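Report on one structure; see the data block that follows.
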Ligand code: EPU
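In my numbering, the protein residues as written are 3 to 322.
Following this line, the structure appears as structure tokens:
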């Protein structure tokens, strides 16, 4: 959270419970019964790392108009909000998230519709579904999405990548909403993207995207998917993790560096640097966010001390 968002969250907490109840009542009044609304919602099981505390408010809007209403209410009541995708690439701290967590898991946000070579995808669609649908329709170039445990929205926000490709390689247009609840559409070529990031989504919410595939036979697509899947299963851990913890620094892949420093297998509490791939921290079953954060810090310090390399986290760290 930014410091301004943090201050707001602090104030919200101090003014509770009245304001909290008022805000929840306002959310209930502004949304239909199809929208999921909860207070004090545990989040750990909604993340692939499976650590972290609860959200003050949890919302799964049932439609764009309801999402817009929720965003406007967050603005009016000065309640900070964060978006939750499929929970990969995310580390939620043990104290949880003050404010609202919004998740576009409702089927209305998860459609994948194929017209010609184009896939019209909602932000909540799973990347695996996108890849499988592309294969079914004989469309190549999207095979790399198969093994990324995320949603289209999350992949847009962080320009997710694997197997030498990244999300914006296949994006033609994006749809997004601003914090006032207004929807916009833009060509991908007009949007600034970087390795593991798309700054537009720091203050806008992804609603969906049109992706472009290349015609191919199903067999060719299937073969490419199998090759990627084999590489992933042999080089990455199956245990609960947030995906790669660090961005690859220029000089050397983070996993290789951590391996060379002999840090694989290092543990703090229930968190361990994976024996399979050095850039993964796995939850051995009872890890806390505190364990994971402590391990991240040790690895960063060792990399700096031994090689002078600053490792920057790729995983998004939220909460308190
Ligand atoms: N390596 C080691 N030891 C290790 C891990 C890796 O020596 O413990 C070596 C490998 O042998 C290889 C090199 O390091 O020579 C790079 O490893 P790998 O091919 O696994 O790729 P990576 O750079 O570590 C990137 C993405 C992954 C993506 C893979 C596969 C980043 C930070 N990571 O990993 O993305 O799945 O390529 O394409 O860019 C993620 O973003 O969460 C993620 C997992």
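Note that the Cβ used here is the ideal one computed from N, Cα and C, for glycine as well.
Remember, it's a predicted structure, so these values are computed and weren't measured experimentally.
Query raised in the report: Of all the options 120, 78 and 88, which has the alpha carbon lying nearest to the alpha carbon of residue 137?
Result: 120
Query raised in the report: Any idea if residue 238 is buried or exposed, counting beta-carbon neighbours within 10 angstroms, 16 or more meaning buried?
Result: buried
Query - Cutoff 7 angstroms; reference residue 48; Cβ partners in own chain excluding five residues on either side - result: 86 and 89
Query raised in the report: Are the beta-carbon atoms of residue 231 and residue 50 separated by less than 8 angstroms?
Result: no
Query - Any 3 or more C-beta pairs closer than 8 angstroms across the segment 249-258 and the segment 206-215 - result: no
Query - Three-state class that DSSP yields for residue 3 in the structure shown - result: In this prediction, residue 3 has a pLDDT of 48, which is less than 50 and means its spatial position is unreliable; what the coordinates show is noted afterwards. Here residue 3 sits in coil by DSSP.
Query raised in the report: Of all the options 254, 256, 257 and 283, which has the alpha carbon lying nearest to the alpha carbon of residue 268?
Result: 283
**Report entry** residue 272 versus residue 139: straight-line alpha-carbon distance, rounded
**Finding:** Roughly 43 angstroms between the two C-alpha positions.
Requested in this report: Answer yes or no: the CB of residue 246 versus the heavy atoms of the ligand EPU, is any distance below 7 angstroms?
Outcome: Indeed, a heavy atom of the ligand EPU lies less than 7 angstroms from the Cβ.
Requested in this report: Would you mind reading off the limits of the beta strand (DSSP E) that contains residue 179?
Outcome: 173-179
Query - Buried/exposed call for residue 220, threshold 16 Cβ in 10 Å - result: Result: exposed.
Query raised in the report: Relative to the ligand EPU, is the shortest distance from any of its heavy atoms to the C-beta of residue 261 smaller than 7 angstroms?
Result: Because some heavy atom of the ligand EPU lies under 7 angstroms away, the Cβ of residue 261 counts as near it: yes.
Query raised in the report: Among residues of its own chain, excluding the 5 on either side of residue 52, which ones have a beta-carbon nearer than 7 angstroms to its beta-carbon?
Result: 46, 242 and 285
Query raised in the report: So does residue 314 have its beta carbon nearer than 7 angstroms to some heavy atom of the ligand EPU?
Result: no
Requested in this report: Assign residue 204 to one of two classes, buried (16 or more other C-beta atoms within 10 Å of its C-beta) or exposed (fewer than that).
Outcome: exposed
Query raised in the report: Given a threshold of 16 other Cβ atoms within 10 Å of its Cβ, counted over all protein chains shown, does residue 166 qualify as buried or as exposed?
Result: exposed
Query raised in the report: In chain order, what residues of the same chain lie with their CB nearer than 7 angstroms to the CB of residue 76, ignoring the 5 residues before and after it?
Result: The residues 83 and 102, in chain order, have a CB closer than 7 angstroms to that of residue 76 in the same chain once the five nearest residues on each side in sequence are set aside.
Query raised in the report: What does a CB cutoff of less than 7 angstroms around residue 195 pick up in its chain, not counting 5 residues either side in sequence?
Result: Cβ neighbours of residue 195 beyond the five flanking positions: 161 and 170.
Query raised in the report: Based on Cα-Cα distance, which residue from 95, 55, 106 and 287 lies nearest to residue 73?
Result: Proximity to residue 73 across 95, 55, 106 and 287 peaks at 106, based on C-alpha coordinates.
**Report entry** Local Cβ density within 10 Å of residue 310, reported as buried at 16 or more and exposed below that
**Finding:** exposed
**Report entry** Backbone CA spacing between residue 157 and residue 129 [nearest angstrom]
**Finding:** 8 angstroms
Report task. State the DSSP-derived secondary structure class of residue 213, mapped to helix, strand or coil. Result -> strand
Query - Per-residue burial, residue 118 [other beta carbons within 10 Å of its own, 16 or more giving buried] - result: exposed
Requested in this report: Following the continuous alpha helix (DSSP H) through residue 297, name the residue where it begins and the one where it ends.
Outcome: 291-309
Query raised in the report: In the DSSP assignment, what residue or residues form a beta bridge with residue 153?
Result: 128
**Report entry** 8 angstroms CB neighbourhood of residue 43 in its chain, flanking five on each side removed
**Finding:** 56, 57, 59, 60 and 103
Report task. List the endpoints of the continuous alpha helix (DSSP H) containing residue 76. Result -> 66-78
Query raised in the report: Which of helix, strand or coil does DSSP assign to residue 312?
Result: Note: residue 312 maps to coil in three-state DSSP.
Query raised in the report: So what does DSSP say about residue 242, is it helix, strand or coil?
Result: For residue 242, the secondary structure class from DSSP, reduced to helix, strand or coil, is coil.
Query raised in the report: Within this structure, are the beta carbons of residue 122 and residue 115 separated by less than 8 angstroms?
Result: yes
Report task. Identify whether residue 275 lies in helix, strand or coil by the three-state DSSP scheme. Result -> If DSSP states are grouped into helix, strand and coil, residue 275 belongs with the strands.
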